[in-house]
Each structure stands twice: as C-alpha cells, then as structure tokens.
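Under my numbering, read the sequence shown as residues 4 to 358, first letter to last. For glycine and all other residues, C-beta sits at the position ideal for the given N, C-alpha and C. Because the structure is a prediction, the values reported are computed rather than measured.
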Amino acid sequence: AACIADAIGRVGAMDDPSPFSLHYSGACEGPTEAFGIESGSFEDLGSHLPIVDPGFCSLRFQCLDYLRGVSRKDDGTDRNTIFNFDQSLSPLEGDIAFIDQLSIQLALQRPNPKNSVETIGNASNLISGRDESIIDFLPELAYFRDVIFYFKHSVSGKSPTNPDTAESDALKSSWTPSDAILNWTTKPRDQNDLTPMYSVTAFRHYQQEFVEEFSKNKKKNPFSSFMNFFSRGSIERTKLSAADPTNIVNSCSEKYVSNRKAKPISVSSEDDILHLANNELPTFGNVLSPADSERLLSYLLVPYIRIPLILDFFANGEPTRLSALKCKSLQLIVDSAVFEPGRWKPADYFKGITQ
C-alpha cells in the first residue's frame, strides 16, 4: 500500500495538479527538490517475518527495490525522505524541508530557521493537523501520512491495541474501520525536553508506539540492538528472528529459563557455540542432546545453506530428532529458518569477505 500510495502521490492531475504531488515528485517550478519514503524497519525487522508464499517474498523484494529507488537521487546520493516514524516521532530534516516548500507556495508563516524547536514544532503541528492550515487545503497529505504510518507500524510497532485490557472475545472482534482511524496531535518529549513529538492514538484511544528508534549509523553493533530488544517486553521480542542462535540461546537455554536476569550471550560463530556450557545449550526440555543442540545452532549460522542442513538434520538423523519437533519452540525455529526472507541486498551492494 505504501508503494502504491507513493506512486499515486507522484502523479499530478492534468487540470488542477495538487501542490502536494508537485512538491513530492519534484515537478514543482522553482528551487525545489523531490522527496521519497524509506523502507526503514520493513528492510530490517521485516527480514525476520516468515513468508511462506514465494510470490509474496518476491513482492517484498520488489517493494524494497522500489523504495530504494525513490529514496535515492540519480547520482546515487540520498534524497530527503519524509515520514520516518520508525526513526523518530519528531519531524526530521526531510519533513521540515517538505513543509517549508509547501509553506512558501501556500503563503504560510514560517518560523525562524535558526530556532530548531520552533521549526520542529511548526512542522509537527502542520503534519499532525493540530494546525490545520495545510491539512484542510491538502487532505491527500493526511491520507498519505496515515498510510505510511501504518506501513511503518505494521513491522516495528508495538501492539496497536491494549494487550493488558481484559476484553471478551466478542469485544475483540468488534473492531470497525473507524476504530483504526489515527488521531494525531503533538506533545513535548518530557518535562526537561520541550521538543515536540507526534502523539498518535487509535483503537479506543490507545497510544501507537514503536519498539525501537532506528538509526542510519551503519557501524552500530548488532549485539547492542539485540540487548536493546532483550531488555524490553514480550511484544518487542517478537520482532526478533526466531532462527538467530543468539536469540535461541538466550530464550530457550536452561540457564535463561531458570534465571531471566542472566546476562545475555552473543552467539555469532562456531567458536561461540563451542564455548557454551551445557546449561547454556538449549535442549528444549531434553528432547535434544547437547551435541545435537550444538549441531543445530551451528547450522543456523549459515544463511540459506541452513535450510537443507536443518531439514536433513530432522529427517535423516536419529528418530528422536523427528519426534522432537513436537516441541513448539523447535517448530518455530524450523519455520523461521526456512521461511524468513533475510536481509535484502540491492544491486549495488558490496561487502568484502571477512571470514
């Protein structure tokens, strides 16, 4: 839906083109620039969502390729992007530049660009609709904003409804399309930081939040991201890969099950597996021996090749391995190893061999 909305938003009407379409596509006259949207969490956390239909898996890669194209200029440099809600619930550089262009054409008052708090506040008020100067004139901007928000939230958002509310099955099934309407306003980050941020509610005024703020810093330690998730609740941890050895060891091993506060362990190589103690090897209720557990974890370290290795491990090994699949955790691990699409690599991707 996000890709379709982006493509439609770039098409200007022949008789009365929308200023939103003109500025977003870069077709507006004057010293303006085009904008795009980023895949964000759809590329990162979305690689952990099992996809059993090969058609949908191929469609995901096509969407990622399209989104990469609209977020890059012809010379290969990054283009300003808007509505990166999974990165920050405050307007970023692209949002501010986009609102600034629209404000010039619509003759709206603009704040002093040297005052960052006022600039962010003005952009957040106009995008959220708290200041209706743009939304009333360009309702398509609000529709596009909501589509992109749900696109981001569907992958990296917390539960859209309140999981702690004791609701009957009849009440849970009574959601209507109107309940999903996003209600936007703004609020300060906290008492000490008055920088405005979006406050979005839906489904009986439940706050719509994201599990993590993503960063463009490519040098970020992957294990630190895991630690960030691991310190959070069960909803956030469902965003992790069920076929990642680090997640398996820290969720299913006897050491973690008996002590939830045990220090997490990073498993990124066969050496890490060989150094695991017996109580750190997940046996899934003793349905796997420590030796089989080591072998299964080592198979999970090799993307794509792990699929035939794991299937052969259960199908042609000892009979007890096949019966071990009655364990729900092992079923989830096998499903994830087979059907998780993995990280998408663009055509210009290059990374040197390090091992």
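Apart from the 5 residues on each side of it in sequence, R324 sits with its Cβ closer than 8 angstroms to the Cβ of L291, D295, F316 and F317 in its chain, given in chain order. G39 sits in a strand when the DSSP states are folded into three classes.
A distance below 6 angstroms between beta-carbons, with the five flanking residues on each side excluded, links E273 to the following residues of its chain, in chain order: S301.
Closest in C-alpha terms to D196, from the list V120, L129 and S254, comes V120.
A direct Cα-to-Cα measurement between R298 and G12 gives close to 51 angstroms. In terms of Cα proximity to L335, the closest of P22, N250, D139 and A16 is N250. Short of 6 angstroms from the beta carbon of A126, and not among the five residues preceding or following it, lie these beta carbons of its own chain, in chain order: P94, D98, I99 and I102.
Scanning the region 144 to 209 from its first residue to its last, the whole beta strand (DSSP E) runs of 3-plus residues come out as 186 to 191 and 199 to 205. A direct Cα-Cα distance of roughly 43 angstroms separates Y27 from I310. Assignment of D275 by DSSP, reduced to helix, strand and coil, places it in the helix class. DSSP, reduced to helix, strand and coil, places D351 outside both helices and strands of the structure shown, so it counts as coil. Taking a contact to require three or more Cβ pairs closer than 8 angstroms, the region 40 to 53 and the region 335 to 351 qualify as touching. Scanning the region 256 to 338 for uninterrupted alpha helix (DSSP H) segments of 4 residues or longer gives 257 to 261, 273 to 277, 293 to 302, 309 to 318 and 322 to 326, listed from N- to C-terminal end. Short of 8 angstroms from the beta carbon of V252, and not among the five residues preceding or following it, lie these beta carbons of its own chain, in chain order: Y259, I268, V270, L279, E283, L284, P285 and L300.
Here the alpha carbon of I313 sits roughly 13 angstroms from the alpha carbon of A327. Annotated three-state conformation of F213 is strand, per DSSP. When beta bridges are read from the DSSP output, T84 appears opposite G39. Between P163 and F206, the CB-CB gap stays under 9 angstroms. R75 sits in a strand when the DSSP states are folded into three classes.
F140 sits in coil when the DSSP states are folded into three classes, being neither helix nor strand.
When the five nearest sequence neighbours on each side are left out, the beta carbons in the same chain lying within less than 6 angstroms of the beta carbon of S106 are those of R113, in order along the chain. In this model, N83 and Q90 are separated by some 14 angstroms (Cα to Cα). In the DSSP assignment, H51 falls outside any alpha helix (DSSP H), carrying neither H nor E.
Using a Cβ distance threshold of 9 angstroms, Y153 and A4 count as a contacting pair. Check the Cα spacing between A340 and each of S244, E257 and N262: the tightest is with S244. Exposed is the label assigned to P57, since fewer than 16 other Cβ atoms lie within 10 Å of its Cβ.
Comparing alpha-carbon positions, the option among I130, V337, D78 and F342 lying closest to P199 turns out to be I130. Unbroken alpha helix (DSSP H) stretches of 4 residues or longer found wholly inside the region 87 to 138: 96 to 108 and 119 to 131, given in chain order.
Assigned with DSSP and collapsed to three states, D9 falls in helix. Annotation: the continuous alpha helix (DSSP H) that includes L25 extends over P22 to S28. Inclusion of I151 and F88 in the CB contact set at 9 angstroms is warranted, their separation being smaller than that value.
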